[in-house]
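Note that the sequence shown covers residues 1 to 421 in the UniProt record's numbering. A short write-up of the structure that comes next.
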Amino acid sequence: MGDKRRMHGQRVAQRERQVRSEGAARKAARSASLSWWLAAALVGVYAATAVVVLPLSSAPQAGPAGMSTVSTPEGSLAVNRLWQRLGRPFHASTTPPEALPARLEGVWVAVAPQPGAYRAQDVRALLSFAARGNHVVWVTDQMDGVLRALGLRLTACPAQRVTTVRAVAAGMAGNPSPHPVPSPIPGGTWRHLVLTANVQLQGPAIAAAPWREVAGHAVLGVRIRRGKGLIDVWTIPSAWENRAVGSGDNLRVVWDLTGHGPVWWDEYGHGIATAHPWPLVFGNGRAWAFAAWFIAALAYVFYAVHRFGRPRPAPEEMPRQASEFLAALARHLEARQLRSYQTELVQAAVRRRMAAKLGLTARADWAAVATAVAQAGDEALSAAFAVWQGVRADGADRPRRFRAATRRLLSVLEGGDRSRA
Numbered sequence: 001m002g003d004k005r006r007m008h009g010q011r012v013a014q015r016e017r018q019v020r021s022e023g024a025a026r027k028a029a030r031s032a033s034l035s036w037w038l039a040a041a042l043v044g045v046y047a048a049t050a051v052v053v054l055p056l057s058s059a060p061q062a063g064p065a066g067m068s069t070v071s072t073p074e075g076s077l078a079v080n081r082l083w084q085r086l087g088r089p090f091h092a093s094t095t096p097p098e099a100l101p102a103r104l105e106g107v108w109v110a111v112a113p114q115p116g117a118y119r120a121q122d123v124r125a126l127l128s129f130a131a132r133g134n135h136v137v138w139v140t141d142q143m144d145g146v147l148r149a150l151g152l153r154l155t156a157c158p159a160q161r162v163t164t165v166r167a168v169a170a171g172m173a174g175n176p177s178p179h180p181v182p183s184p185i186p187g188g189t190w191r192h193l194v195l196t197a198n199v200q201l202q203g204p205a206i207a208a209a210p211w212r213e214v215a216g217h218a219v220l221g222v223r224i225r226r227g228k229g230l231i232d233v234w235t236i237p238s239a240w241e242n243r244a245v246g247s248g249d250n251l252r253v254v255w256d257l258t259g260h261g262p263v264w265w266d267e268y269g270h271g272i273a274t275a276h277p278w279p280l281v282f283g284n285g286r287a288w289a290f291a292a293w294f295i296a297a298l299a300y301v302f303y304a305v306h307r308f309g310r311p312r313p314a315p316e317e318m319p320r321q322a323s324e325f326l327a328a329l330a331r332h333l334e335a336r337q338l339r340s341y342q343t344e345l346v347q348a349a350v351r352r353r354m355a356a357k358l359g360l361t362a363r364a365d366w367a368a369v370a371t372a373v374a375q376a377g378d379e380a381l382s383a384a385f386a387v388w389q390g391v392r393a394d395g396a397d398r399p400r401r402f403r404a405a406t407r408r409l410l411s412v413l414e415g416g417d418r419s420r421a
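The following block contains the structure:
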């Protein structure tokens, strides 16, 4: 009795040590998890704050130098606000020409771009953009790459006051489209203008242009067919600027050339360009913020995979008594399954043997065998068969009784067969 109590006490103490060890391991794991969560959260807060506080490297600020939609006399803020009040889209575009989409809904307008702002590749991209079926309005009084690419040049002329401008058709020679190019001046004439012209257009492209805008003998503008699109060139930027757009009927120039539809206003030509995505997003120190954010995420993922913190102790081996019990239980189940299989084989052999002795077929079932035994009229055989039937179902659990009943049945069966013979 004392040995049993001592063994029970040892097992209880061992189980208590195991529970304490597992509790300490879980506590250490939770502590490490909270530490890494806290570190990741702090780095994430720093990164988020840096992203919000640090400005984008090339983000346009309110009224930067060179921006055209401002309130200065040379700016075009009046046109911008007019379009907004009329509920028409007005987009200030800082996108380089090569990054423009294939088609734009509306008119792309460049007013007085800075000299040299458009490089050779920009000029090619802009003309290709127009050829894809877009409408471009180019307003300038200085010679640039776009005019040269179009076959136009600007020449100075005595300053003249412009009050009337007529749209003159140049014939169909420069209009390969089967449909006539619409006039830039729907009514044919702009009247009551208050403008001053200092330059005029010349060049071979004028003769091929479907339309030109003329004041007296000076060509102030042309409409050129470019592929599937149109390019309007106009040489008096003041018609679009705050100082003159509201004078007389100058607004008619803006209204007709844009088709009073959505406007994409070019700011790239004024030195304001959307930078490459990498410096735009990661410039001005923002790269360090994103790097910290990435390190925090990487550290947490690494922790989740490799379990940072104090190593957990290896689980203790199960008590030997439990292992032996499971092994014995497995052997017991395997032995019973084997005895059940052996019993089924013996029952099938007995059925075939009795069927043969009683004159039945080898496939006769137990019901046919029982009927044949009853009809045989052998009391000893009937009694032995009844006993065997009683223990047949428990043959796997009571193998000795099953074997004894089987031997008795076969002995009576053989003896009865010999007595009848």
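Built from N, CA and C at the ideal position, the CB exists for glycine as well. Only a predicted model underlies this, so the values are computations on that prediction, with no experimental measurement involved.
| query | Rounded to a whole number of angstroms, what is the C-alpha to C-alpha distance between Ala-380 and Val-412? | reply | 7 angstroms
| said: Can you check which of these residues, Arg-339, Ser-71, Ser-76, is closest to Trp-265 by C-alpha distance? | reply: Ser-76
| message | So, for Ala-130: in the same chain, excluding its five sequence neighbours on each side, which residues have a beta-carbon less than 6 angstroms away from its beta-carbon? | response | Val-136, Arg-226, Gly-229, Ile-231
| query | Taking DSSP as the reference, what is the three-state secondary structure of Ile-236? | reply | coil
| query | Cβ atoms of Leu-154 and Asp-141: under 8 angstroms apart, would you say? | reply | yes
| field | Counterpart residues of Ala-169 in DSSP-defined beta bridges | value | Trp-211
| message | I'd like the span of the beta strand (DSSP E) that includes Ser-93, first residue to last. | response | 90–93
| Endpoints, beta strand (DSSP E) assigned at Arg-226 | 218–226
| request: Pick helix, strand or coil for Asn-80, following the three-state DSSP scheme. | output: helix
| message | So, for Ala-173: in the same chain, excluding its five sequence neighbours on each side, which residues have a beta-carbon less than 8 angstroms away from its beta-carbon? | response | At Ala-173, the pLDDT of 44 sits below 50, so the modelled position is not reliable; the number obtained from the coordinates is stated separately. The residues are Ala-207, Ala-208.
| message | Given this structure, state the Cα-to-Cα distance separating His-192 from Asn-250, to the nearest angstrom. | response | 8 angstroms
| query | Are Val-391 and Ala-370 closer than 8 angstroms when you measure CB to CB? | reply | no
| message | Going by C-alpha to C-alpha distance, which of Trp-190, Val-194, Leu-195, Val-168 sits closest to Pro-182? | response | Val-168
| query | Within this structure, are the beta carbons of Pro-158 and Asp-122 separated by less than 8 angstroms? | reply | no
| field | Endpoints, alpha helix (DSSP H) assigned at Ala-368 | value | 366–376
| field | Arg-88 versus Ala-149: straight-line alpha-carbon distance, rounded | value | 32 angstroms
| task | Using a Cβ cut-off of 8 angstroms (strictly closer), state whether Asp-256 contacts chain D. | result | Of the chains in the structure shown, none is chain D; there is only one protein chain.
| query | Hey, Val-263 and Gly-106 are a contact pair by Cβ (cut 8 angstroms); roughly how many whole angstroms apart? | reply | 6 angstroms
| message | Is the separation between the beta-carbon of Pro-73 and that of Glu-267 shorter than 8 angstroms? | response | no
| task | For the beta strand (DSSP E) holding Arg-161, just list the boundary residues, first then last. | result | 153–162
| Between the C-alpha atoms of Ala-112 and Ala-291, what's the straight-line distance to the nearest angstrom? | 42 angstroms
| message | Bridge partners for Gln-121 per DSSP, in chain order? | response | DSSP lists no partner for Gln-121.
| query | Among the residues of its own chain, which have a CB less than 6 angstroms from the CB of Thr-163, if the five just before and after it don't count? | reply | Leu-193
| Comparing the CB of Val-137 with every heavy atom of the ligand SAM, is any distance shorter than 7 angstroms? | Absence of the ligand SAM is noted for the structure shown, with no ligands found whatsoever.
| field | Span separating the alpha-carbon of Gly-373 from that of Phe-385 | value | Correcting the residue type first, residue 373 is Val in the shown sequence and not Gly. Rounded to the nearest angstrom, the two C-alpha atoms are 8 angstroms apart.
| query | Is it buried or exposed for Gly-187, if we count other Cβ within 10 angstroms and need 16 for buried? | reply | exposed
| Hey, would you say Trp-138 sits closer than 8 angstroms to Ala-110, going by beta carbons? | yes
| field | Spatial distance of Thr-235 from Arg-103 (CA atoms) | value | 26 angstroms
| Continuous alpha helix (DSSP H) stretch holding Gln-389: start and end | 379–392
| request: Report the three-state DSSP secondary structure of Leu-201 (helix, strand or coil). | output: strand
| field | Nearest-angstrom Cα separation, counted from Arg-223 out to Pro-178 | value | Residue confidence is low: Pro-178 scores 48 on pLDDT, short of 50, so the model does not pin down where it sits. Its coordinate-derived value is still stated next. The straight-line gap from Cα to Cα measures roughly 17 angstroms.
| request: Note down the Cα distance separating Pro-204 from Asp-256, rounded to an integer number of angstroms. | output: 25 angstroms
| Extent of the continuous beta strand (DSSP E) run through Asp-266 | 263–266
| said: Rounded to the nearest angstrom, what separates Ala-120 and Thr-94 at their Cα positions? | reply: 18 angstroms
| query | To the nearest angstrom, how far is it from the Cα of Pro-180 to the Cα of Ala-215? | reply | 23 angstroms
| task | Less than 8 angstroms between the CB atoms is what I'm expecting for Leu-220 and Ala-244, so what's the real figure, rounded? | result | No, Leu-220 and Ala-244 are not in contact; Cβ-Cβ is about 14 angstroms, not under 8 angstroms.
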